[in-house]
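A.B. asks:
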Amino acid sequence: MGQFDLTNYNQFEFTAIAGTSSNGGENCDPDEDLKISYSTDNGTTYTQITVLDAEDARFTGSTFSLVTLDIPEAAKTSNVILKFHQEKHSGSAYDQWGIEYVKLLENTTVSSGSGQIYDTIDPVDQGSVDQSAGTTED
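Rendered as structure tokens:
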């Protein structure tokens, strides 16, 4: 996805689904979680924001589920890389996560209260998948 300027954003959201026997694979094993991290040093180091549990019922159904996360204060800079990473899976045809519709959200004040401005990172990154490491690359 490249680097982003997140100085004016407070949250980001995306939809996610864990692989199951009914959506093109098999159920993710307990340790095949999806980690969401960020880097402010050009990808040298990453700080974890959260982990999506592969066994969480929100992600194991037949539809994508919405995830909204706060952007950490340390990530509100002009050179941020967001990373969606599955460290382990059971093979190229098994236990994969799907992610789509990544959006940056900026909270703003309007005359009648507060609202949100959405910036969509579109089109959805369709990089190649390095099956040996379980990561997505451009």
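Take this note's numbering: the final residue in the sequence shown is number 144, and no numbers are missing along the way. For every residue, glycine included, the Cβ atom is placed at its ideal position computed from N, Cα and C.
1) Can you tell me whether A24 is helix, strand or coil according to DSSP?
2) On the criterion of 16 or more Cβ atoms from any shown chain inside 10 Å, does Q92 qualify as buried, or is it exposed?
3) Using DSSP's beta-bridge definition, name the partner residues of V73.
4) If you draw a straight line from the C-alpha of Q17 to the C-alpha of N33, how long is it?
5) List the DSSP bridge partners of T13.
6) Just how far apart, CA to CA, sit F20 and N48?
7) Of the residues P78, H95, F65, I105, which one's Cα is nearest the Cα of S45?
8) In whole angstroms, what is the alpha-carbon distance linking A60 and K41?
9) Within 10 angstroms of its Cβ, does L88 collect 16 or more other Cβ (buried), or is it exposed?
10) When the Cα atoms are used, what is the spatial distance from V57 to K82?
11) From N85, T26, H95, pick the residue whose C-alpha is nearest to that of A63; which is it?
12) With distances taken between CB atoms, is the gap from S43 to I55 smaller than 9 Å?
13) Rounded to whole angstroms, what's the CA-CA distance from S96 to T51? Just pull it up for me.
14) In whole angstroms, what separates the C-alpha of G67 from that of D37?
C.D. replies: Answer, in terms of the structure:
1) Your numbering for residue 24 matches position 18 in the sequence shown. Strand, per DSSP.
2) Counting from 1 along the sequence shown, the entry for residue 92 is found at position 86. Burial state of Q92 is buried, judged by a 10 Å Cβ sphere holding 16 or more other Cβ atoms.
3) Counting from one through the sequence shown, the residue named residue 73 turns up at place 67. Under DSSP, the beta-bridge partners assigned to V73 are F20.
4) For the purposes of this step, residue 17 is taken as the residue at position 11 of the sequence shown. For the purposes of this step, residue 33 is taken as the residue at position 27 of the sequence shown. If you draw a straight line from the Cα of Q17 to the Cα of N33, it is about 29 Å long.
5) Taking the sequence shown and counting its residues from 1, one reaches residue 13 at position 7. In the DSSP output, where bridge partners are listed per residue, T13 has none listed.
6) Residue numbering aside, residue 20 sits at position 14 when the sequence shown is read from its first letter. Residue numbering aside, residue 48 sits at position 42 when the sequence shown is read from its first letter. Taking the straight line joining both Cα atoms gives about 22 Å.
7) Translated into the one-based positions of the sequence shown, residue 45 becomes position 39. Nearest of P78, H95, F65, I105 to S45, Cα basis: P78.
8) Along the sequence shown, one-based indexing puts residue 60 at 54. Along the sequence shown, one-based indexing puts residue 41 at 35. Between the C-alpha atoms of A60 and K41 there is a straight-line separation of about 10 Å.
9) Here residue 88 refers to the residue found at position 82 when the sequence shown is read from its first residue. With a threshold of 16 other beta carbon atoms within 10 Å, L88 meets it and is buried.
10) As a working note, residue 57 is residue 51 in the sequence shown. As a working note, residue 82 is residue 76 in the sequence shown. Approximately 20 Å between the Cα atoms of the pair.
11) Within the sequence shown, residue 63 is the residue found at index 57, counting from 1. The shortest C-alpha separation from A63 is found at T26.
12) Translated into positions along the sequence shown, residue 43 becomes position 37. Translated into positions along the sequence shown, residue 55 becomes position 49. Yes.
13) Taking the sequence shown and counting its residues from 1, the one referred to as residue 96 is at position 90. Taking the sequence shown and counting its residues from 1, the one referred to as residue 51 is at position 45. So the two alpha carbons sit approximately 26 Å from each other.
14) Within the sequence shown, the letter at position 61 stands for residue 67. Within the sequence shown, the letter at position 31 stands for residue 37. Their Cα atoms are separated by approximately 18 Å.
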